[in-house]
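Engineer: Input: one structure, supplied below.
Here it is as structure tokens:
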């Protein structure tokens with residue numbers, strides 16, 4: 037599977053766990069919606085989390101709610117290197 041980090045159903049990663057992410061080449065992380073949720077990151081929090089990690093690897097968001105909007109429209113608004121995952125997506129690592 038390569039150096040993939042798959043992190044879902046979280047609002048934060050404990051600082052002592054961050055070294056486990058050193059050297060990853062792909063991140064898949066939850067980004068539920070734009071409004072706060074008690075057990076999942078918002079899209080904005082997920083982007084901030086990724087930007088806090090070193091490296092230029094791509095990031096795919098998963099576990100999005102329907103409030104996020106249409107995939108193609110929202111994908112176009114994401115910064116470079118960030119993508120919305122979708123059913124049937126295949127990633128090469």
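In this note's numbering, the protein residues as written are 37 to 129. Think of the CB as a built atom: it goes at the ideal place given N, C-alpha and C, for glycine as much as any other residue. It should be emphasised that the depicted structure is a prediction, and the values quoted were computed from it without experimental measurement.
Select from 68, 93, 92 the residue whose C-alpha is nearest the C-alpha of residue 81.
Structural biologist: By 1-based counting over the chain shown, the position of residue 81 is 45. The candidate whose alpha carbon is nearest that of residue 81 is 68.
Engineer: Hey, could you find the ends of the alpha helix (DSSP H) residue 43 is sitting in?
Structural biologist: Translated into the one-based positions of the chain shown, residue 43 becomes position 7. Residue 43 -> not in any alpha helix (DSSP H); beta strand (DSSP E) instead, spanning 40-43.
Engineer: Between the C-alpha atoms of residue 118 and residue 52, what's the straight-line distance to the nearest angstrom?
Structural biologist: Reading the chain shown from its first residue, position 82 is the one you call residue 118. Reading the chain shown from its first residue, position 16 is the one you call residue 52. Roughly 25 Å separates the two Cα atoms.
Engineer: Check residue 127 in the structure and name its three-state DSSP category.
Structural biologist: For the purposes of this step, residue 127 is taken as the residue at position 91 of the chain shown. Coil, per DSSP.
Engineer: According to DSSP, what are the bridge partners of residue 122?
Structural biologist: Position 86 of the chain shown, counted from the start, is the residue given in the question as residue 122. Answer is none; residue 122 lacks a bridge partner.
Engineer: Below 8 Å between beta carbons: does that hold for residue 122 and residue 107?
Structural biologist: Within the chain shown, residue 122 is the residue found at index 86, counting from 1. Within the chain shown, residue 107 is the residue found at index 71, counting from 1. Cβ atoms of residue 122 and residue 107: closer than 8 Å.
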